[in-house]
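**Student:** The structure follows.
Protein chains in written order, with my numbering: chain S, 1 to 319; chain R, 1001 to 1301; chain V, 2001 to 2093.
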């Protein structure tokens, strides 16, 4: 097993060197790139210490690169079939953005459901650890951290230092994750963004009977046929999902400032429904919520790189 | 007279009358109506003997579906609702059978119906429907001793199978045979959730698996799931399977393998169909309840 | 009758089991009052016995509805199982 990992790392690095610079053009995967708050311009010769965190989700792989502790670039690529390859393509994109080579990252840490596929990552951390770490950095007051992604949801209770006290997870049932809302917006034939927005205009609360994504699709279709207003259907969907997510949050415990990350935090209808269901005065949406896990991983990578530097060890890009 | 229309995993349309039996000769006529999520059945008993049954697709509302099922069973017999002494409604739409004297759960009705079809030796009943899955243990009289059901999650139901069949572009009725057309039995799909299992199935195809192998893997997962329900109650032979998935050998044979017991077939000389077990049980309850009412009335003078 | 109310979904198995033969002797019906979510009710079953059941609207939501009594960090005794003198109630998770 160990030998296999070593071999893989060598191969990856060789391939990476070959392909460096071509990655953007060659990447056949849909990708979006965000430029974050750059600390220095890419023309600077002195690049500072650059580390990266990779969050390998079931659908998308998110990457956050830090330069001297500040977010320098964010990249999203589709996780695809070969998760390591996708992560590598994403990291090469990040490197290109930063005008550095793939090997110039001082440290790479990975999290997310597919993190174990990333053989070139020097450190792996759980999604819970990454979320707690990222949330503490984004909002030091955060005590209850909620992360709702496409395929999974988590609630984490943390102390003042960002240490995990308790957590609850749902990763095996689509009804408790973003996939549920996505499927329902498809059934209603509206974009996810619009689905969230119209939900806020609803004045009528209709209970949903189905608790399963597959059955709920049929229920939404029959609601459409019975001429229920789309805004009321959207609200019913968000309320139903908020009920499931809030039960998970209560299991972990609700305390202090409640923050939410994950891609579903972009959905204003869901956030409102969750706030109401939880009965909290404020539910803070973290900035760039979908990068919460990747940010946490990047911060962990920075720690590792710092430790290494402290030990006087050579900071190896591929480590 | 039997008409059958193949309708994927769903219940087939069916209409049957007992040859040479006239309901007018009977002193007690009762009906059981099972309004399921996908199909509805009506069974009519003349003095406790099956006189007619009809199975039809459930429409958009339960009362109409109940009427349609009963209408199908009485059609051409000259029987009207007034001629039926007692009606029991069962199934998911049981409380919406407008002309029912009483609603009884499908759990109790399936046990009673299976007991009548197979005999007092039947102890474990598995009903795999379009939107639910139930396991019932009963005694020699068909009285429920223990039951478990799952109607919350699509995994392990006909609907879940349909989603996978759609994703793979395979007609549902072909799944059973195709799932055995493989070199070796693959491990079951690891995701329980139908939504995630669908993604997994697609990923397996991309990884080079044949469609048949993916089907086998999904059937195995479904069988494992159903066998898990059976294990919670404990399997006691004889074992009887009802419901739409009973027709999918790909799932049934794998369940039999897992629980180590073969399901009993219906006797050769019967014209009954496993799909009417719930409605038959309801009709038998109706017969017993009507007789009880009559006795009580007689005792009261 | 041993009645298993609940479900199994991708995330796990959530069944509340009630041995209704034990309910027949019960006069206190403590479960109804004990549950903070009011999940129990007394109803006439198919064989005309008055027994405890889980309210129909909660049967697909047990994981959520019971979550208040089951914090992630572990839990002690449950109000429903503690209240039932006959030991008729149990949870699968």
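Glycine residues also receive a C-beta, built at the ideal position from the N, C-alpha and C atoms.
Rounded to whole angstroms, what is the Cα-Cα separation between residue 1086 of chain R and residue 1100 of chain R?
**Tutor:** Roughly 7 Å between the two C-alpha positions.
**Student:** Measure the CB-CB distance between residue 1285 of chain R and residue 1263 of chain R and report whether it falls below 8 Å.
**Tutor:** Result no, Cβ atoms of residue 1285 of chain R and residue 1263 of chain R do not sit closer than 8 Å.
**Student:** Could you pull the start and end residues of the alpha helix (DSSP H) that residue 1294 of chain R belongs to?
**Tutor:** Segment 1277 to 1299, the alpha helix (DSSP H) holding residue 1294 of chain R.
**Student:** With a threshold of 8 Å between beta-carbons, can residue 236 of chain S be considered close to chain V, or not?
**Tutor:** Chain V contact via Cβ: absent.
**Student:** On the DSSP bridge assignment, give the partners of residue 1041 of chain R in chain order.
**Tutor:** Bridge partners of residue 1041 of chain R: R:1034 and R:1055.
**Student:** Quick one: does residue 233 of chain S have its CB under 8 Å from some CB of chain R?
**Tutor:** By this cut-off, residue 233 of chain S is not an interface position.
**Student:** Should residue 1061 of chain R be flagged as near chain V, meaning a C-beta pair shorter than 8 Å?
**Tutor:** Not closer than 8 Å to any Cβ of chain V, the Cβ of residue 1061 of chain R fails to qualify, so no.
**Student:** Apart from the five residues on each side of it in sequence, which residues of its chain come closer than 6 Å, Cβ to Cβ, to residue 1019 of chain R?
**Tutor:** Closer than 6 Å at the Cβ level, and outside the excluded window around residue 1019 of chain R, lies no residue.
**Student:** Does any C-beta atom of chain R lie closer than 8 Å to the C-beta of residue 213 of chain S?
**Tutor:** With 8 Å as the cut-off, residue 213 of chain S counts as an interface residue toward chain R.
**Student:** What does residue 124 of chain S pair with, by DSSP beta-bridge criteria?
**Tutor:** According to DSSP, which records beta bridges pairwise, residue 124 of chain S is partnered with S:110.
**Student:** Taking 8 Å as the threshold (beta carbon to beta carbon), is residue 2060 of chain V in contact with chain R?
**Tutor:** Yes, residue 2060 of chain V lies at the interface with chain R (some Cβ there is under 8 Å from its Cβ).
**Student:** Taking only the alpha-carbon atoms, compute the straight-line gap between residue 2017 of chain V and residue 1251 of chain R and give it to the nearest angstrom.
**Tutor:** The straight-line gap from Cα to Cα measures roughly 27 Å.
**Student:** Please classify residue 267 of chain S as buried or exposed, where buried requires at least 16 neighbouring CB atoms within 10 angstroms.
**Tutor:** Counting Cβ neighbours within 10 Å, residue 267 of chain S comes out buried, since at least 16 surround it.
**Student:** With a threshold of 8 Å between beta carbons, is residue 2072 of chain V in contact with chain S?
**Tutor:** Cβ-Cβ to chain S under 8 Å: yes for residue 2072 of chain V.
**Student:** State the CB to CB distance for the pair residue 1066 of chain R and residue 1053 of chain R, rounded to an integer number of angstroms; the pair is presumed to be in contact (CB under 8 Å).
**Tutor:** Actually they do not touch by this definition, with Cβ atoms about 14 Å apart.
**Student:** Starting from residue 99 of chain S, trace the alpha helix (DSSP H) both ways and give me its first and last residue.
**Tutor:** Counting along the chain, residue 99 of chain S falls outside any alpha helix (DSSP H), and DSSP gives it neither H nor E.
**Student:** According to DSSP, is residue 2041 of chain V helix, strand or coil?
**Tutor:** Residue state, collapsed to three classes: strand.
**Student:** Output, in chain order, the set of chain S residues within a Cβ distance shorter than 7 Å of residue 2068 of chain V.
**Tutor:** Chain S residues near residue 2068 of chain V: 250.
**Student:** Is it buried or exposed for residue 2089 of chain V, if we count other Cβ within 10 angstroms and need 16 for buried?
**Tutor:** Burial call: buried.
**Student:** Under 8 Å Cβ to Cβ from residue 183 of chain S, same chain only, skipping five residues before and after it: list those, please.
**Tutor:** Here the set comprises 174, 213, 216 and 217.
**Student:** Hey, could you find the ends of the beta strand (DSSP E) residue 2015 of chain V is sitting in?
**Tutor:** Residues 2012 to 2019.
**Student:** Could you pull out every residue in the same chain whose Cβ sits closer than 7 Å to the Cβ of residue 221 of chain S, ignoring the five residues on either side in sequence?
**Tutor:** Around residue 221 of chain S: 187.
**Student:** Considering only residues of the same chain and omitting the five flanking positions on each side of residue 42 of chain S, which have a CB-CB separation below 8 Å?
**Tutor:** Because the pLDDT at residue 42 of chain S is just 37, under 50, the model does not fix this residue reliably, and the value given afterwards should be weighed accordingly. Answer for residue 42 of chain S: 97, 98 and 99, listed in chain order.
**Student:** Who are residue 1126 of chain R's beta bridge partners in DSSP?
**Tutor:** In the DSSP output, where bridge partners are listed per residue, residue 1126 of chain R has R:1135 and R:1241.
**Student:** Rounded to a whole number of angstroms, what is the C-alpha to C-alpha distance between residue 1135 of chain R and residue 1272 of chain R?
**Tutor:** Distance between the alpha carbons of residue 1135 of chain R and residue 1272 of chain R: 21 Å.
**Student:** Which ranges does the alpha helix (DSSP H) cover as unbroken runs of at least 4 residues, wholly within the segment 1142 to 1203 of chain R, from first to last along the chain?
**Tutor:** Fully enclosed alpha helix (DSSP H) runs of 4 or longer: 1158 to 1168 and 1175 to 1178.
**Student:** Among residues of its own chain, excluding the 5 on either side of residue 1220 of chain R, which ones have a beta-carbon nearer than 6 Å to its beta-carbon?
**Tutor:** Answer for residue 1220 of chain R: 1188 and 1254, listed in chain order.
**Student:** Check whether the Cβ of residue 81 of chain S lies closer than 8 Å to any Cβ atom in chain R.
**Tutor:** Chain R contact via Cβ: present.
**Student:** Rounded to a whole number of angstroms, what is the C-alpha to C-alpha distance between residue 1268 of chain R and residue 1242 of chain R?
**Tutor:** One C-alpha to the other measures close to 16 Å.
**Student:** Any chance the segment 1090 to 1108 of chain R sits against the segment 1043 to 1050 of chain R, with 3 or more Cβ pairs inside 8 Å?
**Tutor:** No: fewer than three Cβ pairs fall under 8 Å.
**Student:** Kindly say whether residue 2075 of chain V, judged by its beta-carbon, lies nearer than 8 Å to any beta-carbon of chain R.
**Tutor:** So no, residue 2075 of chain V is outside the interface.
**Student:** Excluding sequence positions up to five away, which residues of its chain have a Cβ less than 7 Å from the Cβ of residue 271 of chain S?
**Tutor:** For residue 271 of chain S, where only same-chain residues beyond five positions count, the Cβ hits under 7 Å are 260, 265, 283 and 285.
**Student:** I'd like to confirm the pairing. Which residues does DSSP put opposite residue 2091 of chain V in its beta bridges?
**Tutor:** The partner list for residue 2091 of chain V (beta bridge, DSSP) reads V:2016.
**Student:** Considering only their Cβ atoms, is the gap separating residue 86 of chain S from residue 73 of chain S smaller than 8 Å?
**Tutor:** No, they are not a contact pair.
**Student:** Using the beta-carbon of each residue, which ones in chain R are nearer than 8 Å to residue 151 of chain S?
**Tutor:** Near residue 151 of chain S (Cβ distances below 8 Å), the residues of chain R are 1196.
**Student:** Using CA atoms only, rank isn't needed, just tell me which of R:1234, R:1200, R:1177 and R:1077 is closest to residue 1145 of chain R.
**Tutor:** Among R:1234, R:1200, R:1177 and R:1077, the Cα nearest to that of residue 1145 of chain R belongs to R:1234.
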